Amino acid sequence: TDRHGFNLNSKEHMTKSLFTMKGSEWRHTRMKLSSAYTTAKVKMMFALVQKCSETLREVVDKYTDDNSVVDVKDFLSRFTVDVIASCAFGIEINSLLDKESTFYRLGAECMELNFTTLLKLFVSNSFPILNNFKLFSFMDPKISNYFTGVVRSAVEYREKHNICRYDFLDLLIKLRQNQSILEEGETPEDLADMAMPGKREGLTIEEIAAETFLFYSAGYETTSNTIVFCLYELACNSKIQDKLSLEVEETLDRHEGKICYQALQEMTYMDQVVCETLRRYPTFPFLSRWCTEDYAVPKSSLSIKKGNHVTIPIYSLHHDPIHFPDPFTFNPDRFSTENCKERHPYAYIPFGEGPRMCIGQKFGLINVKTAVATLVLDYQFSLAPVTDFPLKLTNNACTTVPAKPIKIVFTRRKTKI
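If you want my numbering, it's the position in the sequence shown, counting the first as 1, plus 124.
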C-alpha cells in the first residue's frame with residue numbers, strides 16, 4: 125500500500141513532510157528520519173519532557189487553590205506544545221505560563237481547519253491538474269516564515285557555536301551534515317527493507333523546518349487529546365484512578381520519588397490505561413491507503429485492485445464486540461498480557477501498522493504517560509457537572525474530539541491510597 129498523499133503546493137516547503145509524501149519520496153525521507161525516533165533517542169530527550177511536566181504541576185496547583193472548574197484541553201495543549209517546542213525546535217516557550225506566547229498562538233491558528241482550507245484540499249485533490257498552476261496556498265506565509273525563521277536561527281546558532289542539546293533538532297542537524305545519528309549498538313527498527321540506492325543528500329533548512337513542523341502538527345492535537353480523554357475516563361472511574369495513582373506512587377518510591385523514563389516503563393497498569401484510552405478514543409477514526417498491487421483477500425472472494433482506495437475503520441475495529449466485549453465500557457484489563465494474547469494483533473491499531481505506522485509513536489506515548497503520572501500522583505480529579513456524561517464526540521473533525529469541552533475539578537491528594 126501507499127499513503128493517500130495530498131496534492132499540495134510544491135512551493136510551500138512547510139507542508140512537504142512525511143505526512144503528505146508518498147512513494148519513493150516518502151520512503152527516502154522515512155529512511156532518513158527513522159533513526160531519530162528510536163527508543164534511545166526518546167530516552168535522550170526525556171529530561172526536556174520532565175522539565176515541562178514540572179511546570180504542568182505548578183499550573184494545576186493554582187487550580188486546586190481556588191477549586192477552579194478547568195477546561196483541561198487548554199492547559200494540556202500548552203503542555204504538549206511546550207514539549208514540542210523544547211524537543212523539536214530547541215526553544216523554551218513556557219506557554220503554560222505565558223498565555224500570549226506567539227509560538228503557541230500561531231501554531232494553534234495553523235491547526236484550525238476552516239471551510240476555506242477544506243475547500244482547497246477538496247478541489248486540489250479532485251482536480252490535481254490545477255496544482256500545476258500553484259493556485260492554492262495551504263499555510264499562511266506569516267506562519268510559515270515564523271516557524272522557518274525559528275528553525276533557521278536555532279540551526280545556525282548551534283552550528284556556529286557547536287552546541288549539542290540532545291533533542292530532535294540536534295538529530296536533524298546531524299542529518300543535515302550527513303552524520304550518522306545511531307548510537308553504538310543501535311539499529312533503526314524499520315530500515316531493513318527501506319534501503320535506497322544512490323546519493324543520500326543532507327537535509328536542507330526547509331526540510332528541517334517541515335519535519336519539525338510535522339512534529340508540531342502531529343503532536344499538537346493527538347497527544348493533548350489522548351491525555352484529555354484519559355483524564356476524563358479516570359475522573360469517571362475513581363477506582364481505576366486510585367489504582368493507577370497507587371502504581372505510580374509505588375513505582376516512584378523505587379526511583380527516588382522522581383518521574384523518570386525507566387519508572388514509566390515499569391508502570392504496567394499505566395500502559396493498560398493509556399492503551400484502553402486509545403482504544404476508546406483513537407486519534408484518527410480511520411486511515412486511508414492506496415493499493416499498489418492487486419491483492420486477493422485470503423479465505424474470501426474479495427480482491428482489491430491496484431489503484432483502489434482502501435479505508436481502515438480504526439474506530440469501528442476498536443469497538444467491535446467480537447474483539448472487545450462491552451466495547452463502550454472503559455476497562456484497562458483488556459490490555460493485560462493474557463487478554464492481549466487472545467486477541468487478533470490488528471484488532472487494535474491506534475498508530476496504524478506496518479512500515480507506515482506512526483513514526484512518533486514512542487515519543488507521543490512517553491508524553492502522555494508523563495503528564496498522566498504527574499497529575500494522578502498528586503491530584504484527584506472529578507468531572508465538573510457541566511461536562512457531558514456519557515461523552516459525546518463531534519462528527520465534523522478529522523480527529524477524535526469531544527463535542528463539548530471536558531471540564532474537570534482537581535483536588536490535592538493528601539494521603540496515600
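Just so you know, even glycine gets a beta-carbon here, dropped at the ideal spot from N, CA and C. All figures in this text were calculated on a predicted structure; none of them were measured in a lab.
Beta-carbon proximity check, residue i vs residue j, cutoff 8 Å
| i | j | result |
| --- | --- | --- |
| residue 359 | residue 532 | yes |
| residue 407 | residue 346 | yes |
| residue 213 | residue 274 | yes |
| residue 288 | residue 267 | no |
| residue 416 | residue 429 | no |
| residue 340 | residue 478 | no |
| residue 398 | residue 486 | no |
| residue 388 | residue 490 | yes |
| residue 476 | residue 343 | no |
| residue 441 | residue 483 | no |
| residue 176 | residue 210 | yes |
| residue 448 | residue 403 | yes |
| residue 356 | residue 208 | no |
| residue 393 | residue 368 | yes |
| residue 197 | residue 348 | yes |
| residue 495 | residue 372 | no |
| residue 439 | residue 409 | yes |
| residue 427 | residue 419 | yes |
| residue 193 | residue 508 | yes |
| residue 221 | residue 199 | no |
| residue 433 | residue 414 | yes |
| residue 292 | residue 160 | yes |
| residue 164 | residue 215 | no |
Buried or exposed by the 16-neighbour rule on C-beta atoms within 10 Å, applied to residue i
| i | result |
| --- | --- |
| residue 350 | buried |
| residue 481 | exposed |
| residue 446 | exposed |
| residue 437 | exposed |
| residue 243 | exposed |
| residue 541 | Note on residue 541: pLDDT 49, under 50, position unreliable in the model; the coordinate value appears next. Exposed. |
| residue 452 | exposed |
| residue 535 | exposed |
| residue 190 | exposed |
| residue 538 | exposed |
| residue 526 | buried |
| residue 396 | buried |
| residue 365 | buried |
| residue 524 | buried |
| residue 435 | exposed |
| residue 465 | exposed |
| residue 322 | The pLDDT assigned to residue 322 is 41, lower than 50, so where the model puts this residue is not dependable, and the model offers no usable value. |
| residue 518 | exposed |
| residue 281 | exposed |
| residue 461 | exposed |
| residue 421 | exposed |
| residue 522 | exposed |
Segment limits, alpha helix (DSSP H) that includes residue i
| i | result |
| --- | --- |
| residue 195 | Residue 195 -> not in any alpha helix (DSSP H); beta strand (DSSP E) instead, spanning 193 to 195. |
| residue 493 | 485 to 502 |
| residue 362 | 362 to 377 |
| residue 413 | Where residue 413 is concerned, there is no enclosing alpha helix (DSSP H), although the beta strand (DSSP E) it sits in stretches over 411 to 414. |
| residue 167 | 163 to 168 |
| residue 538 | Counting along the chain, residue 538 falls outside any alpha helix (DSSP H), and DSSP gives it neither H nor E. |
| residue 385 | 385 to 390 |
| residue 265 | 265 to 285 |
| residue 517 | Careful: residue 517 lies outside any alpha helix (DSSP H) and carries neither H nor E. |
| residue 294 | 292 to 300 |
| residue 147 | 147 to 158 |
| residue 455 | Neither: residue 455 is in no alpha helix (DSSP H) and is coded neither H nor E. |
| residue 226 | 226 to 235 |
| residue 382 | Element bounds for residue 382: n/a, residue is neither H nor E. |
| residue 462 | 461 to 465 |
Short CB-CB distance (under 8 Å) between residue i and chain D
| i | result |
| --- | --- |
| residue 536 | The chain labelled as chain D is not found in the depicted structure, where only one protein chain is given. |
Per DSSP, the bridge partner or partners of residue i
| i | result |
| --- | --- |
| residue 173 | Residue 173 is not bridged to any residue. |
| residue 531 | 195 |
| residue 473 | DSSP lists no partner for residue 473. |
| residue 526 | 517 |
| residue 419 | 428 |
| residue 505 | 534 |
Residue span of the beta strand (DSSP E) that contains residue i, given as start and end
| i | result |
| --- | --- |
| residue 434 | 433 to 436 |
Inspect the CB distances between the segment 171 to 183 and the segment 195 to 203 and report whether three or more fall short of 8 Å.
Judged by Cβ distances under 8 Å, the segment 171 to 183 makes contact with the segment 195 to 203, as three or more pairs qualify.
Could you check whether the segment 498 to 506 touches the segment 163 to 172, counting it as contact only if at least three pairs of C-beta atoms, one from each stretch, sit closer than 8 Å?
Too few Cβ pairs lie closer than 8 Å, so no.
Do the segment 328 to 342 and the segment 290 to 301 meet, that is, are 3 or more Cβ pairs less than 8 Å apart?
Touching, per the Cβ criterion.
Should the segment 505 to 514 be called in touch with the segment 359 to 369, which here means at least 3 C-beta pairs below 8 Å?
They touch, by the three-pair rule.
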